[in-house]
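Have a look at the structure below, then the notes.
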Amino acid sequence: MVMRTPKAGYAYLGHDAEAAEKFRDGWIYPGDLATWDETETLTIVGRKDDMVISGGENVHPVQVEEILDADDQVVDSLVTGLPDKEWGQVVVAYVVPEPGAFTDHQQAARHLDRLCRDAATLANYKRPRLYAFVDALPMTATGKKQHYKMHERTTADAAKGLFVRP
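Here's what the structure looks like:
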C-alpha cells in the first residue's frame, strides 16, 4: 500500500535511513499489504515485513491465522517462516490452545492441518508444515502480534524439537 495525505508527517526525526525508506517523492510507504476489490474496498491483509516466502510463493500470515483462529480449540495463532535451505522458508504456526485442549500435540497438528486443507480460501502452499503449541504470543501494548519476535526464535525452537509435523 502506498498513500499520500496532507494529514501525515513525512519524516522520522533522527532516523534518516528509515525516513528515506518510508517517505519518497511525497508518498508514504507504510509497509502494509492491501487488496482493493471491485467495490473499491481497501482491505489491509498484513505487513510486508511479516510475509513468508516459501518456494517463491508469498504467504500472508493473517490469512492462515484467520483459518486457525476459527477453530473452537484455538485461542490465538501466529504464522511465520522457518528458514529452510530448499524452500527459503517453511510456513510454521505457533498456536495458543484453549485450556485443556490439544493435549496430544501430534493429533492437534493433524487436526489443524485438516482444517487448513479443507479451507476453500487457503491455497495448499500456504498451510503450515509445522506447529508449535505455546502458552502465549508476544504482543505490542496495543494488542498487535509481534511476528518478528516469533520469527527470530523459529530456528532455536526447531533445534529444541518444539515443532510437530502433522
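Take 1 as the starting number for the sequence shown in UniProt numbering and just add one per residue. Cβ coordinates follow ideal geometry from the N, Cα and C atoms, glycine included.
Using C-beta distances below 7 angstroms, list every residue in its chain close to residue i, excluding the 5 sequence neighbours before and after it, in chain order.
i: D157; result: A132, F163
i: Y94; result: S77, L78, A132, V134, L137, M150
i: A34; result: M1, L42, T43, I44, V45
i: H105; result: F133, V164
Please classify residue i as buried or exposed, where buried requires at least 16 other C-beta atoms within 10 Å of its C-beta.
i: P61; result: buried
i: P6; result: exposed
i: K126; result: buried
i: T39; result: exposed
i: E65; result: buried
With H, G and I counted as helix, E and B as strand and the rest as coil, what does DSSP make of residue i?
i: P6; result: coil
i: K144; result: coil
i: P61; result: helix
i: Y125; result: helix
i: T155; result: helix
i: R165; result: coil
i: M51; result: coil
i: M139; result: strand
i: A17; result: helix
i: A119; result: coil
i: A108; result: helix
Among the residues of its own chain, which have a CB less than 8 angstroms from the CB of residue i, if the five just before and after it don't count?
i: T155; result: L82, P83
i: M139; result: K145, Q146
i: P97; result: Q73, V74, V75, A108, F133
i: I53; result: V59, G81, G88, Q89
Tell me, to the nearest whole angstrom, how far the beta carbon of residue i is from that of residue j; I am working on the premise that it is less than 8 angstroms.
i: I28; j: M3; result: 5 angstroms
i: L68; j: L112; result: 6 angstroms
i: A129; j: V90; result: One detail in the question is off: residue 129 reads as Arg in this sequence, not Ala. About 5 angstroms separates the two Cβ atoms, so the contact holds.
Could you tell me the boundaries of the beta strand (DSSP E) in which residue i lies?
i: D76; result: 74–84
i: A93; result: 88–97
i: F102; result: Here F102 belongs to no beta strand (DSSP E), and DSSP marks it neither H nor E.
i: A132; result: 130–133
Should residue i be flagged as near chain B, meaning a C-beta pair shorter than 7 angstroms?
i: D50; result: The structure shown contains no chain B; it holds only a single protein chain.
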